[in-house]
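Engineer:
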Amino acid sequence: MRPKLILTFVLLFVAGFFIASCDETTGDTVTIEFWHNYSASDGQIAVLEALIEDFEAENTGIEVEHVYMEWANLKNSVVLGAQTGVLPDVLRGDIAFVPQFQSLNALLAMDTFDDYDTVRQTVLAQPNSSNLMDGTYYGIAANTNTKILFYNETLLEAAEVDVPTTLDEVWLAAEALTEGDVIGMVEPWTGIWNVGPYIWSEGGEVLSPDNSTATGYINSATNVAVIQKLADIYAAGALAGPSMDPGAVGDTDGWAAGTYALQLDGPWRGASNNAAAITYGATPLPAGSAGSVSVLGGENFMMFEASSDPKQEAAWEFVKFMVSKDAQVEMAKVGQMPVNLEALEDPEAIEAMPLLPVFAEALLTARARPVIPEWSEVENIIAAKVALAITGEKTVQTALDEAAAEIDALLAD
Amino acid sequence: MMASRGRQHKVIDPRIWVIFLPGFLFVVLFTFYPMGKMLVMSFFDWNIGYNQTSPYVGLDNYVRVLTDPIARTAMTNTFAYAFVTVPLQMVLGLCVALLIHGISRLSVFYRVGYYLPVITSWVVVALLFRYIFSNAGLLNYVLTDILSITEDHIGWLSSRWSALSAAMLLGIWKGIGWNMVIFLAALQAVPKTLYEAADMDGANRRQRFFHITLPGIRGTVMFVSVMLMIGAFNTFTPITVLTNGNPAHQTEVVLTWMYFKTFDALDMGYSAALSMIITAIIVLFTVLIFYVLRRKGEGA
Chain F
-3 MRPKLILTFV
7 LLFVAGFFIA
17 SCDETTGDTV
27 TIEFWHNYSA
37 SDGQIAVLEA
47 LIEDFEAENT
57 GIEVEHVYME
67 WANLKNSVVL
77 GAQTGVLPDV
87 LRGDIAFVPQ
97 FQSLNALLAM
107 DTFDDYDTVR
117 QTVLAQPNSS
127 NLMDGTYYGI
137 AANTNTKILF
147 YNETLLEAAE
157 VDVPTTLDEV
167 WLAAEALTEG
177 DVIGMVEPWT
187 GIWNVGPYIW
197 SEGGEVLSPD
207 NSTATGYINS
217 ATNVAVIQKL
227 ADIYAAGALA
237 GPSMDPGAVG
247 DTDGWAAGTY
257 ALQLDGPWRG
267 ASNNAAAITY
277 GATPLPAGSA
287 GSVSVLGGEN
297 FMMFEASSDP
307 KQEAAWEFVK
317 FMVSKDAQVE
327 MAKVGQMPVN
337 LEALEDPEAI
347 EAMPLLPVFA
357 EALLTARARP
367 VIPEWSEVEN
377 IIAAKVALAI
387 TGEKTVQTAL
397 DEAAAEIDAL
407 LAD
Chain C
10 MMASRGRQHK
20 VIDPRIWVIF
30 LPGFLFVVLF
40 TFYPMGKMLV
50 MSFFDWNIGY
60 NQTSPYVGLD
70 NYVRVLTDPI
80 ARTAMTNTFA
90 YAFVTVPLQM
100 VLGLCVALLI
110 HGISRLSVFY
120 RVGYYLPVIT
130 SWVVVALLFR
140 YIFSNAGLLN
150 YVLTDILSIT
160 EDHIGWLSSR
170 WSALSAAMLL
180 GIWKGIGWNM
190 VIFLAALQAV
200 PKTLYEAADM
210 DGANRRQRFF
220 HITLPGIRGT
230 VMFVSVMLMI
240 GAFNTFTPIT
250 VLTNGNPAHQ
260 TEVVLTWMYF
270 KTFDALDMGY
280 SAALSMIITA
290 IIVLFTVLIF
300 YVLRRKGEGA
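Residue numbers (the numbering used here), protein chains in the order written: chain F, -3 to 409; chain C, 10 to 309.
(1) Could you pull the start and end residues of the beta strand (DSSP E) that C:Thr159 belongs to?
(2) I need the DSSP call for F:Thr361, collapsed to helix, strand or coil.
(3) How far does the alpha helix (DSSP H) with C:Phe192 in it extend, from its first residue to its last?
(4) What whole-angstrom Cβ distance do F:Gln40 and F:Val335 have, given they're in contact under 8 Å?
(5) If contact means a Cβ-Cβ distance below 8 Å, which residues of the region 385 to 398 of chain F contact chain C?
(6) Could you name the residues of the region 142 to 157 of chain C whose beta carbon sits closer than 8 Å to any beta carbon of chain F, in the order they occur along the chain?
(7) What residue range is occupied by the uninterrupted beta strand (DSSP E) comprising F:Tyr64?
(8) Kindly list, in the order they appear in chain C, the residues whose Cβ is closer than 9 Å to that of F:Ser126.
(9) Within 10 angstroms of the Cβ of C:Leu108, are there 16 or more other Cβ atoms? Answer buried if so, exposed if not.
(10) Taking only three categories from DSSP, how would you classify F:Trp31?
(11) Identify, in the order they occur along the chain, each residue of the same chain with its Cβ nearer than 6 Å to the Cβ of F:Ile386, setting aside the five sequence neighbours on each side.
(12) So which residues of chain C does F:Ser73 contact, with C-beta pairs closer than 8 Å?
(13) Is there a Cβ from chain F that is less than 9 Å from the Cβ of C:Leu203?
(14) Show which residues of chain F have a CB atom less than 9 Å away from the CB atom of C:Asp77.
(15) Contact between the region 220 to 230 of chain C and the region 268 to 280 of chain C is defined here as three or more beta-carbon pairs at a separation below 8 Å; is this criterion met?
(16) Determine, for C:Phe33, whether the minimum Cβ-Cβ distance to residues of chain F falls below 9 Å.
(17) Between which two residues does the beta strand (DSSP E) containing F:Phe146 stretch?
(18) Would you grab the beta carbon distance between F:Ala88 and F:Phe297 for me? Rounded to a whole angstrom, and I think it's under 8 Å.
(19) Measure from the alpha carbon of C:Ser284 to the alpha carbon of each residue in C:Tyr150, C:Ala257, C:Phe269, then state which is nearest.
(20) Exposed or buried, which one is F:Cys18 when buried takes at least 16 other CB atoms within 10 Å?
(21) What are the start and end residues of each continuous beta strand (DSSP E) run of 3 or more residues lying completely inside the region 50 to 82 of chain C, in chain order?
(22) With DSSP collapsed to three states, give me the class of F:Ala278.
(23) Give a yes or no on whether the minimum CB-CB distance between C:Ser167 and chain F is below 9 Å.
(24) Taking F:Asp111 as the query, report the chain C residues whose CB atoms sit under 7 Å from its CB, ordered along the chain.
(25) On the DSSP letters alone, give me the boundaries of the beta strand (DSSP E) that F:Asp261 sits inside.
(26) With a Cβ-Cβ cutoff of 9 Å, do C:Trp266 and C:Gly254 count as a contact?
(27) F:Glu175 by DSSP, collapsed to three states: which one?
(28) Rank F:Thr255, F:Leu104, F:Asp249 by C-alpha distance to the C-alpha of F:Asp177 and give the top, closest one.
(29) Give, in chain order, every residue of the region 305 to 337 of chain F whose Cβ lies closer than 8 Å to some Cβ of chain C.
(30) Confirm, please, whether the CB-CB distance from F:Leu281 to F:Leu168 is below 9 Å.
(31) Determine the closest residue to C:Val263 out of C:Met84, C:Thr62, C:Gly45, with distance taken between C-alpha atoms.
(32) In the structure shown, what three-state DSSP assignment does C:Ala135 receive?
(33) Does the count of Cβ pairs from the region 234 to 253 of chain C and the region 46 to 66 of chain C closer than 8 Å reach three?
(34) Name the DSSP beta bridge partners of F:Glu295, please?
(35) Interface residues of chain C around F:Gly243 at Cβ under 7 Å?
(36) Going by the CB atoms, is the gap between F:Ala345 and F:Leu337 shorter than 9 Å?
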């Protein structure tokens, strides 16, 4: 009985060892793992699967296994993977992930590939700048977006309010539109993703040019005036959002119900408004005293140090395929704004995304948020303090002074 | 005969190790090792990632937690949540158990009814509560449009204490069923002869409850209060769904704040120190509850 038991365990152990040691790169086929958060509901995953098939047909010997993860899960999985070594070969994730993952020493410097510069020339420079840290590119832009001003045409007509053409007119319109159940404007969060465009458009800054300090920048007189304006319209009931007031209706629900009239938002707002049959229009952010400066969003492709050389080579081929014109046009058809310069002018892409020209105009002056590893925490500090200022819990000057002091302490560490 | 049987017990069949070891190693690997590792991490400025150095910082992480105003807010909110939800869940759970214990018809129906909230998903019921308490929610609709008690919508989730009250209400509503089941089992174990003796002595209902029932279920009360206290300190989903810690971290509880510091700020040392502090608090409360209830028991 006992020898049989021992034999069983030995056999199980040996079998397990063999299964575990089977390398995916054995033979002629290299299998790469691709983590992403393309949306299934918008048909993006179906397009991705078709693209992978095309890629595999063109590149015999490379197989791509894609894994969908929701935004936060994608980020947390890489954070944990940096410790355990369980990482993908390619990742397509938020541009804000680049500095954070780079600080984990997990990312591969993508510009070590000989033809990186050639590929870089084919994509929009501004979105791709979100990959640049200390003179090294740690990724390449996958798709981009920025925020433009969406307005509910029905509500504007009913209130006889014209589409605003300056930032000051935006605030006036928000108040004029607020009546009964209608709330002029919605901002779901109070980070730089949300208030940055207003600050930049009035000439304010978040950090010093070398990203070393916040004092004198985030708490400047310009920024105080901008946040005060938001606080004023919040007090008038013309601005709402769950991070300022957890009881507020979420932006998508609010648009669908005809509650919100104005929102500075990305391409997804067009898609959700179409789904809710809302009659809407959109314009680049109306200019403040320093012009119209929106915020840059989007996703980048990243690769990892932990992958073996053959997998890195295969992954780079896949990344190049995904930023090529054809793949980018296909993705544009399901709502992903291209970064490929040729794809941006492609008639098929423009037909699929009627707002593409509006976004393209906004992209010309859009700014990326500072590319520093501490950015996530910096933005969270700002979000909390700006929420306190807008809701009147603290004076704007006090809240922004506190934010500056906390950010400086963080950056000094 | 007895002696030889005793000696036989000392010889351990090696097959027992085969059965025992996997489970034991599992617990060591996934429970004790992480706990030990976390204690170590709490003394370091722990950096995750490849080839990262983590400098030893002594008690710095603990000092940072204890001097952090948001951690204090989160701690206060958690204590408030625990002190409100634990006693109320127990009292209401016990009341329901006593009522159901006293009836013979439809007992199963009531048991299932009260237990339903326990088995429903936290996320689902938290979302339902959000729809009830939000500005354009059911409660405001009833108050303004149907009953006309107020003209303007009340921001139930908009400020710290009212939002926490909604979370507490959810915690209590969801917890009553579990308390009921445990207390119902305990009530059935109280010897009926004691009640018969009390009847003969002419004890009224109140006397029967305080002198027989309550001392009879003292062990259960102790168990339930410890479990609920641990549960209250582990509350996460209701806050995440109802307010996500907003506005400006004012409705944060220790676990939501810890999650934020771990995964948003990647401040592992801080989060480990916060975990150790919470562990210490829970241990302290457990000891305190045992001490107080045991002394009461001895006094009775």
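Yeah, the Cβ is synthetic: ideal placement off N, Cα and C, and Gly gets one too.
Structural biologist: Put simply:
(1) Run containing C:Thr159: none; DSSP gives neither H nor E here.
(2) It is helical.
(3) Annotation: the continuous alpha helix (DSSP H) that includes C:Phe192 extends over 169 to 197.
(4) Not really, about 15 Å apart at Cβ, beyond 8 Å.
(5) Answer in chain order: Thr387, Glu389.
(6) Taking 8 Å as the cut-off between beta carbons, the residues of the region 142 to 157 of chain C near chain F are Phe142, Ser143, Asn144, Ala145, Gly146, in sequence order.
(7) 58 to 64 is the extent of the beta strand (DSSP E) around F:Tyr64.
(8) Ordered by position in chain C, no residue passes the 9 Å Cβ test against F:Ser126, which lies about 19 Å from the chain.
(9) When all chains shown are included, C:Leu108 counts as exposed.
(10) If DSSP states are grouped into helix, strand and coil, F:Trp31 belongs with the strands.
(11) For F:Ile386, where only same-chain residues beyond five positions count, the Cβ hits under 6 Å are Leu226, Ala227, Tyr230, Met240.
(12) Neighbourhood of F:Ser73 in chain C, by CB distance below 8 Å: empty, with the nearest CB roughly 11 Å away.
(13) Contact with chain F is absent for C:Leu203, since none of that chain's Cβ atoms lies less than 9 Å from the residue's Cβ.
(14) Neighbours of C:Asp77 on chain F: none; closest Cβ ~11 Å, over 9 Å.
(15) Under the 8 Å Cβ criterion, the region 220 to 230 of chain C does not count as touching the region 268 to 280 of chain C, having fewer than three qualifying pairs.
(16) Answer no: the Cβ-Cβ gap between C:Phe33 and chain F never drops below 9 Å.
(17) Bounds of the beta strand (DSSP E) holding F:Phe146 are 144 to 148.
(18) It should be pointed out that residue 88 of chain F corresponds to Arg in this sequence rather than to Ala. Going by Cβ atoms, the distance from F:Arg88 to F:Phe297 rounds to 5 Å, so yes, they are a contact pair.
(19) Proximity to C:Ser284 across C:Tyr150, C:Ala257, C:Phe269 peaks at C:Phe269, based on C-alpha coordinates.
(20) Note that F:Cys18 scores 48 on pLDDT, short of 50, meaning its location in the model is unreliable and no value can be drawn from it.
(21) As summarised for the region 50 to 82 of chain C, there are no continuous beta strand (DSSP E) elements at least 3 residues long confined to that stretch.
(22) It is a strand residue.
(23) It does: the Cβ of C:Ser167 has a partner Cβ on chain F nearer than 9 Å.
(24) Within chain C, no residue has its CB atom less than 7 Å from the CB of F:Asp111, the nearest being about 26 Å off.
(25) Segment 256 to 261, the beta strand (DSSP E) holding F:Asp261.
(26) It is a contact, given that the beta carbons lie within the stated cut-off.
(27) The three-state secondary structure of F:Glu175, taken from DSSP, is strand.
(28) Measuring C-alpha to C-alpha distances from F:Asp177 to each of F:Thr255, F:Leu104, F:Asp249 identifies F:Thr255 as the nearest.
(29) Residues passing the 8 Å Cβ filter: none.
(30) No.
(31) When each option's Cα is compared against that of C:Val263, the closest is C:Met84.
(32) Here C:Ala135 sits in helix by DSSP.
(33) Between the region 234 to 253 of chain C and the region 46 to 66 of chain C there are fewer than three C-beta pairs closer than 8 Å, too few to call the two in contact.
(34) F:Asp90, F:Asn139, per the DSSP bridge assignment.
(35) Those within 7 Å of F:Gly243 in chain C are Phe142, Ser143, Asn144, Gly164, Trp165, Leu166, Ser167.
(36) At least 9 Å separates the beta-carbon of F:Leu337 from that of F:Ala345.
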